[in-house]
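Undergrad: One structure follows; several queries about it will come next.
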Amino acid sequence: MAPLGLSTYACVALLLLGKSSGVASANTVSYTVTVEKEGSCLTDINKARQAVGFADLVQATAGADGKRLPDKVGETPEDDFNSSAWKPVCKALLPNGTYAFKSLKSDSPECSAIVEEWKGFYKNFNGMPPPKSKDTQLYKDQNNVSFVAMYNPSSGATADCRVVTCTKTTQASSRGLARAGPGGTEPKVETGYALICMTVPDVLPENNSTAPFTEDQWSQIVTAFEGSAPTVVPSLLGLAAAALCATTSLL
């Protein structure tokens, strides 16, 4: 897969790139992409990592080649936009679909809730996560990829977490404008938002046989998520046993 290591979230989005239908639109469509709020939710993500004993992800600095999201895209005609790395992102944001990141209702992410949601996908793993080449079906669910990305265990791992806004502007054709009369018609504007967190290096490469976590690393995650269970269950059993003995002695 392209970066999860270029990322967990953005790289899967790049896989959404579809073929053009070849049917020309009578309307004029253009796209604009803005990438803002550097470091969004990184504090909450690092708190989740600290809880399992992992080092913080470091915000990738400007100029860090291959570690940052693509630059913004100014207003671009649809034909030119088709070759942009942002096309699959906007295709995922503007219609409903499968996200390679966390879709948002606005440009203000609720970081705590997002991180809790990503943590919840731990339940989707039945044992240590396999390499992508060994279980492609598991990683077709972007939620699972998001979980792995958040806990990228690589030494010195970096992250570029930002809010992406995709704006699609559709201007009616000249024929449509003529039908609308002298006043014309306002362009149709659609906007989609997402939190994208790009982690490097990639721990889910497409044809690699190495699992994203070592046994020790996965054990740290398991302990953090389930570590209290062994101490709680015996105490409950002990109470039940004591109650049973007390009942027996009264008979």
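Numbering (mature numbering (1 follows the signal peptide of the UniProt record, and there is no 0)), first residue to last: -26 to -1, 1 to 225.
Heads up, the beta-carbon is just placed ideally off N, CA and C, and yes, glycines get one too.
Please determine, among G94, M102, G40, the residue with the shortest C-alpha to C-alpha distance to V174.
TA: The shortest C-alpha separation from V174 is found at G40.
Undergrad: Determine the extent of the beta strand (DSSP E) in which D134 is found, giving its start and end residues.
TA: Segment 132 to 145, the beta strand (DSSP E) holding D134.
Undergrad: With a threshold of 7 angstroms on Cβ separation, who are the neighbours of M124 within its own chain once the five nearest residues in sequence on each side are excluded?
TA: The residues are I19, A22, W92.
Undergrad: Cα separation between N98 and L169?
TA: Near 22 angstroms, if we compare the C-alpha coordinates of L169 and N98.
Undergrad: Give the DSSP-derived three-state secondary structure of A168 in the structure shown.
TA: In this structure, A168 counts as strand in the three-state DSSP scheme.
Undergrad: Which value, in whole angstroms, describes the spacing of the CA atoms of M172 and T143?
TA: Their backbone Cα atoms lie some 27 angstroms apart in a straight line.
Undergrad: Reducing DSSP to helix, strand and coil, say where V3 ends up.
TA: Correct three-state label for V3: strand.
Undergrad: Please name the residue, chosen from A25, E160, P104, E12, that lies closest to T35 on a Cα-to-Cα basis.
TA: Ranking the options by Cα distance to T35, first place goes to E12.
Undergrad: Would a C-beta distance cut-off of 8 angstroms place residue 226 and A131 closer than the cut-off?
TA: Past the edges of the chain, shown from -26 to 225, lies residue 226, and the structure says nothing about it.
Undergrad: Per DSSP, which residues does L178 bridge with? Please list them.
TA: BP columns for L178 are empty, so no partner.
Undergrad: For L78, tell me which candidate among I195, Q24, T8, G166 has the shortest Cα-Cα distance.
TA: Nearest C-alpha to L78: G166.
Undergrad: If distances are taken between C-alpha atoms only, which option among V9, E10, S80, A29 comes closest to Q191?
TA: Checked all of V9, E10, S80, A29; the closest Cα to Q191 is A29.
Undergrad: Per DSSP, which residues does V9 bridge with? Please list them.
TA: The partner list for V9 (beta bridge, DSSP) reads V138.
Undergrad: Leaving out five residues before and five after K2 in sequence, what residues of the same chain have Cβ atoms less than 6 angstroms from its Cβ?
TA: Per the sequence presented here, residue 2 reads as Thr, with Lys not at that position. So the qualifying residues of the chain are Q145.
Undergrad: Suppose the cutoff is 8 angstroms on Cβ atoms and the five residues either side in sequence are ignored; what does the same chain contact list for A198 look like?
TA: Excluding sequence neighbours, A198 sits near A25, V26, G27.
Undergrad: Quick one: what's got a C-beta closer than 8 angstroms to E90's C-beta in the same chain, skipping five residues either side?
TA: Closer than 8 angstroms at Cβ, skipping near neighbours: no residue.
Undergrad: Assign D134 to buried or exposed, taking buried as 16 or more other Cβ atoms, counted over all protein chains shown, within 10 Å of its Cβ.
TA: The residue is buried, with at least 16 neighbouring Cβ atoms inside 10 Å.
Undergrad: Cβ atoms of C15 and P83: under 8 angstroms apart, would you say?
TA: Yes. Within cutoff.
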